[in-house]
Amino acid sequence: MTPLDTKKLRADFPILKRLVHGKPLAYLDNAATTQKPRAVIDALVRFYETNNANVHRGVHTLSEESTNMTEAVRTKLAAFIGAPKPETVVFTRNATESINLVAYAWGRKFLKAGDEIVITEMEHHSNMVPWQLLAKEKGLTLKYAPVELDGTLDLDKVKATLGPKTKLFAFTALSNALGTVNAVQDLIKAGRAVGAAVLVDACQWAPHRPMDMKAWGADFVAFSAHKMLGPTGVGVLWGREELLEAMDPFLGGGDMISRVTLEGATWNALPYKFEAGTPNYADTVAFGPALDYLSAVGLDAIRAHEDALAAKAVALLESEPAVRVLGPKDPKKRSGVISFNLAGLHPHDVGTVFDLEGVAVRVGHHCCQPLMHKMQCGGTARASFYLYNDESDLEALGRALKRTVEFFKLGAKAGVR
Amino acid sequence: MEGDAELQDLYREVLLDYFRSASRKGAADPADVRAHGINPVCGDELEITARREGGRLAQVRYAGHGCVISQASAAMMAEALEGRTEAEAKDLVRAFKKMMLENAPASGLPEPLEPVSALEGVRKFPLRVKCATLGWNTILQGLEAGPAKGA
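See below:
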């Protein structure tokens, strides 16, 4: 595999030219959101300048163009994720909304008191709180498959948590907080083996690794455009066709109906049944060039590049005695997301010093408070890599780390906390 | 560290001293005032307790973990408020918040808040202001809630 020409790639991302506190930006917060290539930014501007009109509404030329451009992205995305049909791809505002859609439109209709939902302890709040709410509302039991202290799942323990009463198994493909890569297909099989519907949170997977809905065999998969070079405000829910057909609508309004009378309404066909109101079609159109960009560079090449950077970053961080890197030790079980702590120092203080070096890292609980609790910390600092990161970012990370350690006079056993 | 003026302005030596000192860490006994504060941005939690005696806050303590700014600020708060009447304590909290949130000059702080002027540098880091005010908002909430439940 040819290594990425990061110099060339970086020139496609205008924001990478900016300075932060007088230092070149080292953007290592890609698990939160990624930067956008010129092609995506231009597509958004071009759309508003030349094509903008509401979709599925009229017979005039612009409306037809706008509709066709939006649907072309749905078709492109369906191919990108190996979905059997474009109609099984539903656009939402974000992955959180995608998961809530399943909780409301599927869970409310098909789950009843006494049923069980199983999720894991490593879930993002967005794949935890909707189920807590649903469980409370419907009298369901919510069970948690445990996370090991190295941040991995033990498949046998997951299987032991699943049972005949499990009606839904929801899990993350890749941990946003620890970088753990889960055995997605084994987990899907385990869920389906007990007859549960399976939902995969693929937010951290979709930007980095190929996915094939047909091969996965899950029932629902959620992710968002903004973590994969696309604009904000576009989430994706892929669903198995029979389930999407059987579900009730999520929100009521325009676009999702077939016929409305004063007595009631009938629902539009898939996927429009779930896309009530004016959708975020402009950003959806601009998501197209993001998918093209990822396809042109190649997810396999991107992943190899990130893995190499992540391995170097772990080595660099661990060369400092005060640093503890969380998550799996085995590089095969780890992605380009690296969570770490400095002994005796709160992640916020780490983040502030890093920012002064132009290094953007996420600090805090990463919307995973139960997981942080399990890892016996309130939070971590997290560096996450993407295709445009290079050696210069590692050097900046090293400088920021050194500055932090020196300023706070941290040693291996420093424990001011 | 010499030469790192940017960081020294935020993390002044006196702040680091308060952060490292644990002299007012723990719980007041009995805890006549008890309040729990959460910074939703980072998930940090702080528990502030105080013992009342003769119309004054005889003992003020903070527990929990947090960044240098929030811990040092809570330690300064506990020190400044100890021995004050509740009315005085509330006035001091308000004066502190005025400095942090409304850019009131640190030189205008009442005498018991003198060490707190070290937090002035935090104002240049708007995302960190919440860290500095957490302990103060928490005790205010406790004082306004009346007697602690179960105390």
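Quick mapping for you: the protein sequence lines, in order, are chains A and B. Residues 0 to 416, numbered by numbering that gives the first Met the number 0, are exactly what the first sequence covers, in order. Residues 0 to 150, numbered by numbering that gives the first Met the number 0, are exactly what the second sequence covers, in order. No residue lacks a Cβ here, since even glycine has one placed at the ideal position from N, Cα and C.
Query                                                                                                                           : Result
For W266(A) and G252(A), the rounded distance between their alpha carbons                                                       : 10 Å
M76(B) classed as buried or exposed, judged by whether at least 16 other C-beta atoms fall within 10 angstroms                  : buried
Near-chain A residues of the segment 125-139 of chain B (beta-carbon distance less than 7 Å), N- to C-terminal order            : R127, C130
Beta carbon proximity, E319(A) to chain B, threshold 9 Å                                                                        : no
Chain-ordered chain B contacts of F406(A) [CB-CB under 9 Å]                                                                     : M0, D3, L6, Q7, Y10
Assigned secondary structure, F353(A) (DSSP; H/G/I helix, E/B strand, else coil)                                                : helix
Any chain B beta carbon closer than 9 Å to H123(A)                                                                              : no
Residue nearest to L400(A) in terms of C-alpha spacing, selected from E317(A), E390(A), Q368(A)                                 : E317(A)
Residue of E241(A), G377(A), V54(A) minimising C-alpha distance to H345(A)                                                      : G377(A)
Beta carbon of E115(A) nearer than 9 Å to that of P145(A)                                                                       : no
Meets three-Cβ-pair contact criterion under 8 Å: the segment 3-15 of chain B and the segment 43-60 of chain A                   : no
C-alpha gap between M127(A) and M371(A), whole angstroms                                                                        : 14 Å
Contact under 9 Å by Cβ, V121(B) with M99(B)                                                                                    : yes
Per-residue burial, N102(B) [other beta carbons within 10 Å of its own, 16 or more giving buried]                               : exposed
Backbone secondary structure at P23(A) - three-state DSSP                                                                       : strand
Buried or exposed (CB count within 10 angstroms, at least 16 for buried), S391(A)                                               : exposed
Helix, strand or coil at N99(A) according to DSSP, with G and I counted as helix                                                : helix
Where D16(B) meets chain A, residues with beta-carbon distance less than 9 Å                                                    : Correct list: empty, because the minimum Cβ distance to chain A is about 11 Å.
Spatially closest choice to D28(B) from V59(B), G42(B), D43(B), by CA coordinates                                               : V59(B)
Any alpha helix (DSSP H) of 4 or more consecutive residues that is wholly inside the segment 66-108 of chain B                  : 67-80, 85-101
Collapsed DSSP secondary structure at D247(A) in the structure displayed                                                        : coil
Beta-carbon gap between G42(B) and H364(A) smaller than 9 Å                                                                     : yes
Cβ contact check for the segment 86-102 of chain A and the segment 259-278 of chain A: 3 or more pairs under 8 Å                : yes
Range of the contiguous alpha helix (DSSP H) that encloses W135(B)                                                              : 128-143
The segment 15-35 of chain A touching the segment 380-390 of chain A, judged by at least three CB pairs closer than 8 Å         : yes
Close-in-space but distant-in-sequence residues of the same chain around L250(A) (CB under 6 Å, 5 per side omitted)             : A275
Neighbour-count burial assignment, K412(A), 16 or more Cβ in a 10 Å radius                                                      : Since pLDDT at K412(A) reaches only 47, below the 50 mark, its modelled position is unreliable, and the value read off the structure follows with that caveat. Flag for K412(A) reads exposed.
Cβ-based contacts, 8 Å cut-off: residues of the segment 354-377 of chain A near chain B                                         : L355, V362, G363, H364, Q368, M371, G377
Whether L396(A) touches L315(A) by CB criterion (9 Å)                                                                           : yes
Residues of the segment 42-58 of chain B with Cβ closer than 7 Å to any Cβ of chain A, in chain order                           : G42, D43
Validate contact between the segment 322-339 of chain A and the segment 173-192 of chain A using beta carbons, cut 8 Å, 3 pairs : yes
Under the three-state DSSP convention, the category H225(A) falls into                                                          : helix
Chain A contacts from the segment 65-92 of chain B (Cβ-Cβ distance under 9 Å)                                                   : G65, C66, V67, I68, S69, Q70
P13(A) at chain D interface by Cβ criterion, 9 Å                                                                                : The structure shown contains no chain D; the protein chains it does contain are A and B.
For W237(A), the residue or residues it bridges with in DSSP                                                                    : V88(A), V220(A)
Cut-off 6 Å between Cβ atoms - residues of its own chain near C130(B), not counting five sequence neighbours on either side     : C66, I68, S69
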